[in-house]
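Here the structure comes first, spelled out in structure tokens, and everything after it is commentary.
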């Protein structure tokens, strides 16, 4: 009997060790890819695919953000990533050169398209959101992550929104951020030999998936200088989905998705 008990104990121990190895491996993978998963803290959401739908069918997964690339417009239709409180640091890394994204099969636009165009190389996933490591910072300098932006817009109201997103990440602990440009209109201006589209508007969608109150907010900003307060650019996610033909939170529970996407109540977010 003692011998059988010893064998049973050894087997149980081996099973527990293997389970711990698998759990640790899974958690390490999630951390490495910087992808949020459901926890007890956000049990109303559980674990779901945070990525929006892609109208281009060319989804590129980098280590610290994911994008949907539009070859027609030579830029991403959206870039998506998680932004945690711990990500907000102020390390001063040297800015690298912009380079073509090696993962885009059709090749992303060369940075020279922007040269002497009169437009900034505007980040969609801001370099300022990825200062927690040099690798993450450098990854934001793929040309698939930039879009032509007027300087007064890029350095003005758009920069103000990016700073506000970082403020909210620190305040609310976890955010999921989706940033893109409106590419569904016609008669676009283009720049460079590759005819990179100059968008007429840009947007951000934010999901705060922490308890006790899960909330979301969307902004749609015309591509021009503005001194208006940010809350004047708040729109419903439903409105944005109609404009972009993108489904932003397709895997949320239906009731929660309807509640979040139909509301434009910015009072749940601090605008101070």
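In this note's numbering, the protein residues as written are 23 to 294.
Glycine residues also receive a C-beta, built at the ideal position from the N, C-alpha and C atoms.
Could you tell me the boundaries of the alpha helix (DSSP H) in which residue 139 lies?
Here residue 139 corresponds to residue number 117 of the chain shown, with the count starting at 1. Counting along the chain, residue 139 falls outside any alpha helix (DSSP H), and DSSP gives it neither H nor E.
Straight-line Cα distance separating residue 106 from residue 287
Position 265 of the chain shown, counted from the first residue, corresponds to residue 287. Position 84 of the chain shown, counted from the first residue, corresponds to residue 106. Whole-angstrom Cα-Cα distance: 23 Å.
Tell me where the alpha helix (DSSP H) around residue 212 begins and ends.
Sequence index remark: in the chain shown, residue 212 carries index 190 (1-based). Here residue 212 belongs to no alpha helix (DSSP H); instead the beta strand (DSSP E) covers 211-213.
Which residues in the same chain as residue 113 place their Cβ atom closer than 6 Å to its Cβ, once the five residues preceding and following it in sequence are excluded?
As a position in the chain shown, residue 113 is number 91, starting the count at 1. Counting only Cβ-Cβ distances below 6 Å, and skipping sequence neighbours, we find 153.
May I ask you to report which of helix, strand or coil DSSP gives residue 236?
Along the chain shown, one-based indexing puts residue 236 at 214. Under the three-state reduction of DSSP output, residue 236 falls in the coil class, being neither helix nor strand.
Can you give, in chain order, each stretch of the alpha helix (DSSP H) that sits fully within the segment 106-175 and has at least 4 residues?
156-161
First and last residue of the uninterrupted beta strand (DSSP E) at residue 91:
Along the chain shown, one-based indexing puts residue 91 at 69. 88-92 is the extent of the beta strand (DSSP E) around residue 91.
In terms of DSSP beta bridges, what is residue 177 paired with?
To locate residue 177, count along the chain shown from 1; it is residue 155. Bridge partners of residue 177: none, in fact.
Simplified DSSP state of residue 281, which is helix, strand or coil:
Looking up residue 281 in the chain shown gives position 259. In this structure, residue 281 counts as helix in the three-state DSSP scheme.
Do residue 225 and residue 242 count as a contact pair if the criterion is CB distance below 8 Å?
Reading the chain shown from its first residue, position 220 is the one you call residue 242. Reading the chain shown from its first residue, position 203 is the one you call residue 225. Yes, the Cβ-Cβ distance between residue 242 and residue 225 is below 8 Å.
Short Cβ contact (8 Å threshold) for residue 170 with residue 218:
Numbered from 1 along the chain shown, position 148 holds the residue referred to as residue 170. Numbered from 1 along the chain shown, position 196 holds the residue referred to as residue 218. A contact, by the Cβ cut-off of 8 Å.
Could you spell out the range, first to last residue, of the beta strand (DSSP E) harbouring residue 77?
As a first step, residue 77 is located in the chain shown; it is residue number 55 there, counting from the start. Unbroken run through residue 77: none, as it is neither H nor E.
Own chain residues within Cβ distance below 6 Å of residue 198, not counting five before or after:
By 1-based counting over the chain shown, the position of residue 198 is 176. Once the five neighbours on either side are set aside, the close Cβ partners of residue 198 are 72, 104 and 229.
Please report the distance separating the alpha-carbon of residue 249 from that of residue 176.
The residue given as residue 249 occupies position 227 in the chain shown. The residue given as residue 176 occupies position 154 in the chain shown. Whole-angstrom Cα-Cα distance: 13 Å.
Where does residue 99 land, buried or exposed, given buried means 16+ other C-beta within 10 angstroms?
Here residue 99 refers to the residue found at position 77 of the chain shown. It is buried - the Cβ of residue 99 has at least 16 other Cβ atoms within 10 Å.
In the structure shown, what three-state DSSP assignment does residue 224 receive?
Here residue 224 corresponds to residue number 202 of the chain shown, with the count starting at 1. In the structure shown, residue 224 sits in a strand (DSSP, three-state: E or B).
Straight-line CA distance for residue 120 to residue 232?
One-based indexing of the chain shown puts residue 120 at position 98. One-based indexing of the chain shown puts residue 232 at position 210. The alpha-carbon atoms of residue 120 and residue 232 are separated by roughly 35 Å.
Do residue 278 and residue 236 come within 8 Å of each other at the CB atom, strictly closer than that value?
Taking the first residue of the chain shown as position 1, residue 236 is located at position 214. Taking the first residue of the chain shown as position 1, residue 278 is located at position 256. Result yes, Cβ atoms of residue 236 and residue 278 sit closer than 8 Å.
C-alpha distance - residue 75 paired with residue 178, whole-angstrom precision:
Position 53 of the chain shown, counted from the first residue, corresponds to residue 75. Position 156 of the chain shown, counted from the first residue, corresponds to residue 178. Rounded to whole angstroms, residue 75 to residue 178 spans 30 Å at the Cα level.
Return the Cβ separation of residue 163 and residue 118 in integer angstroms, given the expectation that the two are a contact with Cβ distance under 8 Å.
Counted from its first residue, the chain shown places residue 163 at position 141. Counted from its first residue, the chain shown places residue 118 at position 96. That pair is a contact at about 5 Å.
Among residues of its own chain, excluding the 5 on either side of residue 215, which ones have a beta-carbon nearer than 6 Å to its beta-carbon?
As a working mapping, residue 215 is identified with position 193 in the chain shown. If you ignore the 5 residues before and after residue 215, its C-beta comes within less than 6 Å of no other C-beta in its own chain.
Taking its Cβ as the centre, do 16 or more other Cβ atoms sit within 10 Å of residue 148, making it buried, or is it exposed?
For the purposes of this step, residue 148 is taken as residue 126 along the chain shown, with counting starting at 1. Counting the other CB atoms within 10 Å of its CB gives residue 148 a total of 16 or more, which places it among the buried residues.
Go to residue 200, then tell me how far its beta strand (DSSP E) extends in each direction, as first and last residue.
Working through the chain shown from its first residue, we reach residue 200 at position 178. Note, residue 200: beta strand (DSSP E), 196-203.
Out of 190, 273 and 261, state which residue places its alpha-carbon closest to the alpha-carbon of residue 283.
In the chain shown, residue 283 corresponds to position 261, counting from 1. Nearest C-alpha to residue 283: 261.
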